[in-house]
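Novice: Here it is, the structure in full.
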Amino acid sequence: METQQINFLFLSDLVFMEDLIATIGGILAILTIIIAHFTDFLQIEGIVSIMIGLMMFYVVGRVFLENARGAIGETDDEMRLHIAGIVRADQAVRDIQRLGVIKEGEHLHVELEIEIDPTLTISEADEIKDRLALLIYAQKGVTDVIIEFDEDDQVLEWT
Numbered sequence: 001m002e003t004q005q006i007n008f009l010f011l012s013d014l015v016f017m018e019d020l021i022a023t024i025g026g027i028l029a030i031l032t033i034i035i036a037h038f039t040d041f042l043q044i045e046g047i048v049s050i051m052i053g054l055m056m057f058y059v060v061g062r063v064f065l066e067n068a069r070g071a072i073g074e075t076d077d078e079m080r081l082h083i084a085g086i087v088r089a090d091q092a093v094r095d096i097q098r099l100g101v102i103k104e105g106e107h108l109h110v111e112l113e114i115e116i117d118p119t120l121t122i123s124e125a126d127e128i129k130d131r132l133a134l135l136i137y138a139q140k141g142v143t144d145v146i147i148e149f150d151e152d153d154q155v156l157e158w159t
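Heads up: the sequence shown runs through residues 1 to 159, numbered per the UniProt record's numbering.
As structure tokens, this is what we get:
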């Protein structure tokens, strides 16, 4: 449900922008026709046509970039450092082996591999996973969290 709501908000933002540009373009076109009809300034039709074309090009470029960003996936380094701070603050986490935060559109996918005490039981490790997942999901835009465990090798990977 959360993912669908985020998709809706993102799509409604783009739809609003497209509708706004279309409305402004229509108003400009009507005003241009009126101005050209009652004055000798006929060049205004060409000028406003170019302006409307540039506005449409902006909309197409914005939609393309959002779709490309979502298809390719980009790393969100700021959120990566923020999540690393949250994870490192947990007493049970000895080290972060790997942490990836991929941004796909407005969604963030977090993949985390942490080192913990090898003597912990599965139940204790599951509690750690649930606790960390809850904290990570609470961050803005996070829709997917994968947490893996590794035994502590006494070598700090994450500083």
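From the three backbone atoms N, C-alpha and C, an ideal C-beta is built for every residue, glycine too.
Would you be able to state if there are at least three C-beta pairs under 8 Å between the segment 140-155 and the segment 90-106?
Specialist: Yes, since at least three Cβ pairs between the segment 90-106 and the segment 140-155 fall closer than 8 Å, the two stretches touch.
Novice: Quick check: the segment 103-114 against the segment 75-86, are there 3 or more CB pairs under 8 Å?
Specialist: Yes, the segment 103-114 touches the segment 75-86.
Novice: Contact check, THR35 vs ILE44 under 8 Å by CB: the rounded distance?
Specialist: A small fix is needed here, since residue 35 is Ile in this sequence, not Thr. Right, their Cβ atoms sit about 6 Å apart.
Novice: May I ask you to report which of helix, strand or coil DSSP gives LYS103?
Specialist: Strand, per DSSP.
Novice: To which residues of the same chain is ILE114 closer than 6 Å at the C-beta, ignoring the five residues directly before and after it?
Specialist: So the list reads VAL93, ILE96, once near-sequence residues are dropped.
Novice: Could you check if LEU9 is buried or exposed, using at least 16 other CB atoms within 10 Å of its CB as the buried criterion?
Specialist: Any reading at LEU9 must be qualified, since the residue scores a pLDDT of 47, below 50, and its modelled position is unreliable; the value itself is stated next. Exposed: under 16 other Cβ atoms inside 10 Å.
Novice: Closest to ALA133 by CA distance: which of ILE50, VAL60, ALA68, ILE86 is it?
Specialist: Comparing Cα positions, the closest option is ILE86.
Novice: In terms of residue numbering, what span does the alpha helix (DSSP H) encompassing VAL87 cover?
Specialist: It spans 77-88 - the alpha helix (DSSP H) in which VAL87 sits, taken as one unbroken run.
Novice: When the Cα atoms are used, what is the spatial distance from ALA17 to PHE57?
Specialist: Checking the sequence, you will find Met at residue 17 rather than Ala. Answer to the nearest angstrom: the Cα atoms are 13 Å apart.
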